[in-house]
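> Just add 33 to the spot in the sequence shown (first one is 1) and you have my numbering.
Glycine included, each C-beta is placed from N, C-alpha and C at the ideal position.
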Amino acid sequence: MNYADLTENEISQEIVKLGLPKFRGKQIFDAIINGQSLQEISVLSESLKLKIQDFYPKYEIFKKFVSKDGTKKYLIKFEDESIVECVLMSYKYGNTICVSTQVGCRMGCAFCASTLQGLKRNLSSGEILGQIYLVNRDNDGSKKNRQITNIVLMGSGEPLDNFDNVCKFIELISAPEGLNISKRNISLSTCGLVDKIYQLADKGLDISLTISLHATTDDERKKIMPIANKYSIKEIVDACDYYFDKTKRRFYIEYTLIKDVNDSEDDINRLVELFAHKVCHINLIMLNPVKERKLESIDKKQAEMFCKKLNALGVSATIRRSMGQDISGACGQLRNKFVRDKV
Ligand code: SAH
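1) Quick one: is E253 buried, meaning 16 or more other Cβ sit within 10 Å of its Cβ, or exposed?
2) Terminal residues of the continuous beta strand (DSSP E) containing N155?
3) For the ligand SAH, is there a heavy atom less than 7 Å away from the beta-carbon of V323?
4) Can you tell me whether S222 is helix, strand or coil according to DSSP?
5) Any contact between the segment 138–156 and the segment 87–105? By contact I mean 3 or more CB pairs, one from each, below 8 Å.
6) Going by beta carbon distance, what residues of the same chain come within less than 7 Å of Y231, once the five residues before and after it are set aside?
7) Around the C-beta of Y89, are 16 or more other C-beta atoms found within 10 angstroms, so that it is buried, or is it exposed?
8) Taking only the alpha-carbon atoms, compute the straight-line gap between A363 and P54 and give it to the nearest angstrom.
9) Looking only at C-alpha atoms, which of N213, M258, N218 and Y36 sits nearest to L226?
10) Hey, D102 and G357 are a contact pair by Cβ (cut 8 Å); roughly how many whole angstroms apart?
11) Using DSSP with H/G/I as helix, E/B as strand and the rest coil, what is G127?
12) For M338, verify whether its CB is less than 7 Å away from any heavy atom of the ligand SAH.
13) Return yes when at least one heavy atom of the ligand SAH lies under 7 Å from the C-beta of L320, else no.
14) Return yes when the C-beta of M122 is under 7 Å from any heavy atom of the ligand SAH, and no when it is not.
15) Judging by CA-CA distance, which residue of K59, T243, L71 and N128 is the nearest neighbour of E21?
16) Report yes or no: do three or more beta-carbon pairs, one from the segment 154–173 and one from the segment 59–77, lie closer than 8 Å?
17) Buried or exposed for S78, please, with buried defined as at least 16 other CB atoms from any protein chain shown within 10 angstroms of its CB.
18) Kindly indicate the opening and closing residues of the beta strand (DSSP E) around A64.
19) Would C119 and I130 qualify as a contact pair, given that the criterion is a beta-carbon distance under 8 Å?
20) Just how far apart, CA to CA, sit S220 and T134?
21) Going by beta-carbon coordinates alone, are S349 and I318 separated by less than 8 Å?
22) Can you give me the C-alpha to C-alpha distance between K334 and C340, rounded to a whole angstrom?
23) My parser needs the alpha helix (DSSP H) runs of 4 or more residues fully inside the segment 209–274; what are they?
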C-alpha cells in the first residue's frame, strides 16, 4: 500500500488503524499533493513519521532540462529506481503537463522512442499523480495555488494498457479535495485499444479522447503500428463514435506525417472520407527525430499544404506546434533512463 494511491478518506482510515488521530490523514494527504517529501512535513513529529514511512511516497525529481522555448522536461525517479519523463509546456491559457503512464511501452510503434526497450512496468495511480505534484511544486505551485491547468496522458506508455491505474488516477486528480483539475482538461491518447475505448466510454469519465492513427489503410498502419494487426481502422472509428455518443465530446486524431509513408493525396482523400462528417479534429504532428529510427519527416511547407487540403475538404485539422525538441521532450522522444544513458 502507498498513500499516494489513496483518497483523503482512505488515508484517514489507514491512519486511524495505526492508532493515530484522524486529522493526521488530511495533513498527510495535503503534503502529498503539495509535493513534499516526508522529511519536509513540519506538522508531523519524528515518531509519527517513523510509523508511516513505509506508506509515504518516495518519488523525486531526478533531473530537469529547460528548452529554449521554455518547455521543461523532468526525469522522475521512483522507489525502485525506475525513471520516467514528463514535460511541462506553457501556453497563453495555462500550463499543460504531459505525463507518462508506464515505464517503457510494449506497443512497438516504429517511430517512437518510448517503446525501444519494451515495457518495464505499469505506473501506479500514485506514480502518475506524483509527476504532477512534483512538477507543480517545482513551478512554485501548491494545492491552493495550482500551476497546472491541463493534463495530457501522452508521455511514455500506452494509457489504456494500464487501464485501472489510469482510471483511478483520473478520479484522484479531479477530486475536489485533491488537485481538482477538471476532467474536461484531461486528454488521453491511445494507439487504439478498441475494447478499452468502449470501457472508458462506459465509465462516464468526461475526458478528451485522442487516437494515434498515423495511417489511412490497415496495411500501411500494420507496417508502423503493430496494434493494427489486432484492430482495424474501422473498429477504431466505430469505438470513437461510441465514445462521442456517450460523452458528447469531440474526439481528436493524431497523425504524424512521415515521408513516403502516410503523406499522399490518397491519404488526404481517405482522411476526408473517414472524418469530414464527424465531430473531431485532426492534429498533424511533424515527425520528431529519434536516433534509432530511420523514418523521415516531410518539410513544413508540405505539411502546411497537407493541412490546407484537409481543411478545404471539410476536415478540421491543424499542425501541432512542436515544443521542447532541443531537450528531446517532443512527441515520441520520451524514453526511459536505461536507453537514454546509452545514447
Ligand atoms: N501510447 C499513446 C500515448 C503516446 S502519445 C499513443 O499512442 O497515443 C505520443 C504521441 O506522439 C502519439 O500520437 C504518438 O504516436 C506520437 N509520436 C510518437 N513518436 C513520434 C515521433 N517520433 N514524432 C512525432 N510524434 C510521435
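In brief:
1) Mapped onto the sequence shown, residue 253 falls at position 220. It is buried - the Cβ of E253 has at least 16 other Cβ atoms within 10 Å.
2) One-based indexing of the sequence shown puts residue 155 at position 122. Residues L152 to N155.
3) Taking the sequence shown and counting its residues from 1, one reaches residue 323 at position 290. True, at least one ligand heavy atom lies under 7 Å from that Cβ.
4) As a working note, residue 222 is residue 189 in the sequence shown. Strand.
5) Segments in contact, no.
6) Residue numbering aside, residue 231 sits at position 198 when the sequence shown is read from its first letter. Only A272 and Y275 meet the Cβ criterion.
7) Position 56 of the sequence shown holds residue 89. Its Cβ being crowded by 16 or more others within 10 Å, Y89 is buried.
8) Looking up residue 363 in the sequence shown gives position 330. Looking up residue 54 in the sequence shown gives position 21. Taking the straight line joining both Cα atoms gives about 46 Å.
9) By one-based count along the sequence shown, residue 226 stands at place 193. Ranking the options by Cα distance to L226, first place goes to M258.
10) Start at 1 with the first residue of the sequence shown, and residue 102 comes out as number 69. Start at 1 with the first residue of the sequence shown, and residue 357 comes out as number 324. Between D102 and G357, the beta carbon gap of about 7 Å places them in contact (Cβ cut-off 8 Å).
11) For the purposes of this step, residue 127 is identified with residue 94 of the sequence shown, where counting begins at 1. The answer is strand: DSSP assigns G127 an E or B state.
12) Translated into positions along the sequence shown, residue 338 becomes position 305. For the ligand SAH, not one heavy atom lies less than 7 Å from the Cβ of M338.
13) In the sequence shown, counting from the first residue as 1, residue 320 sits at position 287. For the ligand SAH, at least one heavy atom lies less than 7 Å from the Cβ of L320.
14) Position 89 of the sequence shown, counting from 1, holds the residue named residue 122. Because no heavy atom of the ligand SAH lies under 7 Å away, the Cβ of M122 does not count as near it: no.
15) Outside the shown range of the chain (34 to 376) lies residue 21, about which nothing can therefore be said.
16) A contact exists between the segment 154–173 and the segment 59–77.
17) In the sequence shown, residue 78 corresponds to position 45, counting from 1. It counts as exposed.
18) As a first step, residue 64 is located in the sequence shown; it is residue number 31 there, counting from the start. Counting along the chain, A64 falls outside any beta strand (DSSP E), though it belongs to the alpha helix (DSSP H) covering F56 to I66.
19) As a position in the sequence shown, residue 119 is number 86, starting the count at 1. As a position in the sequence shown, residue 130 is number 97, starting the count at 1. Yes, these two residues count as a Cβ contact at 8 Å.
20) Taking the sequence shown and counting its residues from 1, one reaches residue 220 at position 187. Taking the sequence shown and counting its residues from 1, one reaches residue 134 at position 101. Roughly 13 Å between the two C-alpha positions.
21) Along the sequence shown, read from residue 1 onward, the residue named residue 349 stands at position 316. Along the sequence shown, read from residue 1 onward, the residue named residue 318 stands at position 285. No, these two residues do not count as a Cβ contact at 8 Å.
22) Position 301 of the sequence shown, counted from the first residue, corresponds to residue 334. Position 307 of the sequence shown, counted from the first residue, corresponds to residue 340. Distance between the alpha carbons of K334 and C340: 10 Å.
23) 227–236 and 251–257
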